[in-house]
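K.L.:
Below you'll find the structure I mean.
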Amino acid sequence: MKNYNTKYVVRLTAEDRACLERVVNRGRVAAAKRRHAQILLKADAGPQDSGPTDTEVADALGVGIVTVHRVRQAYVEQGLSAAIERKPSSRVRLPKLDGRQEAQLVALACGPAPEGRARWTLRLLAQRLVELEIVPSICMETVRQTLKKTNSSPG
0 MKNYNTKYVV RLTAEDRACL ERVVNRGRVA AAKRRHAQIL LKADAGPQDS
50 GPTDTEVADA LGVGIVTVHR VRQAYVEQGL SAAIERKPSS RVRLPKLDGR
100 QEAQLVALAC GPAPEGRARW TLRLLAQRLV ELEIVPSICM ETVRQTLKKT
150 NSSPG
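Mapping to numbering that gives the first Met the number 0: the sequence shown position 111 is 110, numbers consecutive.
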């Protein structure tokens, strides 16, 4: 097994140690944040020592060696907050339907059901939106979420 910590030696300042201890001892805190704080406290090398190895820290806390390495690296390269906080999502989600398309979906759902049916189903609504060329494709879940968001009650 590879031991990573030769490059990233954690030397906590008194402020950082106090902050991490508050995180660990606080009642309600995200599990990953607490775990990362515990990793940094355990990996602290002190003023002169090289500190425990990644394997020793991982075994003591029951986490993976790679997790220990990444937390050490984040602390050394980017600081305390980067090491214990989650990164903001870089994923950009564009809306599936614009306002006009949502209005057409609601109007369709509130209108009369197709012939031979008592009411609209999500599948029928999705198929009709594609048939009417309102959207090129759409899944039933998007239809459900859109109708739920608009608080429409077709039945």
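All residues carry an ideal CB built from backbone N, CA and C; glycine is no exception. In this text the structure is predicted, and so the values were computed from the model without any measurement.
1. Taking 7 Å as the limit between beta carbons, can you name the residues of its chain near Q37, skipping five residues before and five after?
2. Using only alpha-carbon positions, find the residue among R118, T66 and S49 that is nearest to H35.
3. Confirm, please, whether the CB-CB distance from A42 to V62 is below 8 Å.
4. At what residues does the alpha helix (DSSP H) containing T66 begin and finish?
5. Around the Cβ of A125, are there at least 16 other Cβ atoms within 10 angstroms (buried) or fewer (exposed)?
6. Assuming L104 and V142 form a contact by the criterion Cβ under 8 Å, report the distance between their Cβ atoms to the nearest whole angstrom.
7. From E114, K148 and A102, pick the residue whose C-alpha is nearest to that of L128; which is it?
8. If A31 and V9 are in contact, beta carbons under 8 Å, what's the gap, nearest whole angstrom?
9. When the Cα atoms are used, what is the spatial distance from A81 to Y74?
10. Entirely within the segment 27 to 61 and at least 4 residues each: give me those alpha helix (DSSP H) ranges in chain order.
11. Tell whether a beta-carbon distance below 8 Å holds between K95 and I137.
12. Run the CB neighbour count on R71, radius 10 Å, all protein chains shown included, and call it buried at 16 or more, exposed below.
13. Taking DSSP as the reference, what is the three-state secondary structure of N150?
14. In the DSSP assignment, the alpha helix (DSSP H) including C216 goes from what residue to what residue?
15. Under a three-way DSSP split, which group does L93 fall into?
P.N.:
Working from what's here:
1. The residue you call residue 37 lines up with position 38 of the sequence shown. Counting only residues of its own chain and dropping the five nearest sequence neighbours on each side, Q37 has a CB closer than 7 Å to the CB of V23 and L60.
2. Translated into the one-based positions of the sequence shown, residue 35 becomes position 36. Per the Cα distances, T66.
3. The residue labelled residue 62 in the question sits at position 63 within the sequence shown. The residue labelled residue 42 in the question sits at position 43 within the sequence shown. Cβ atoms of V62 and A42: not closer than 8 Å.
4. By one-based count along the sequence shown, residue 66 stands at place 67. I64 to Q77 is the span of the alpha helix (DSSP H), which, as asked, contains T66.
5. What you label residue 125 is simply residue 126 of the sequence shown in a count that begins at 1. Within 10 angstroms of the beta-carbon of A125 lie 16 or more other beta-carbons, which makes it buried.
6. Along the sequence shown, one-based indexing puts residue 104 at 105. Along the sequence shown, one-based indexing puts residue 142 at 143. Their Cβ separation, rounded to whole angstroms, is 7 Å, which keeps L104 and V142 in contact under 8 Å.
7. Here residue 128 refers to the residue found at position 129 when the sequence shown is read from its first residue. That would be A102, whose Cα lies nearest to the Cα of L128.
8. Numbered from its first residue, the sequence shown carries residue 31 at position 32. Numbered from its first residue, the sequence shown carries residue 9 at position 10. Incorrect: roughly 18 Å between the Cβ atoms, too far for contact.
9. As a position in the sequence shown, residue 81 is number 82, starting the count at 1. As a position in the sequence shown, residue 74 is number 75, starting the count at 1. Taking C-alpha positions only, A81 is separated from Y74 by approximately 7 Å.
10. As far as the segment 27 to 61 is concerned, its whole alpha helix (DSSP H) runs of at least 4 residues are 30 to 42 and 53 to 60.
11. Taking the first residue of the sequence shown as 1, we reach residue 95 at position 96. Taking the first residue of the sequence shown as 1, we reach residue 137 at position 138. Yes. Within cutoff.
12. Along the sequence shown, read from residue 1 onward, the residue named residue 71 stands at position 72. Counting Cβ neighbours within 10 Å, R71 comes out buried, since at least 16 surround it.
13. Translated into positions along the sequence shown, residue 150 becomes position 151. The three-state secondary structure of N150, taken from DSSP, is coil.
14. This structure cannot settle anything about residue 216, because the visible part of the chain is limited to 0 through 154.
15. On the sequence shown, residue 93 is found 94 positions in, with the first residue counted as 1. Of the three classes helix, strand and coil, the one that applies to L93 here is coil, per DSSP.
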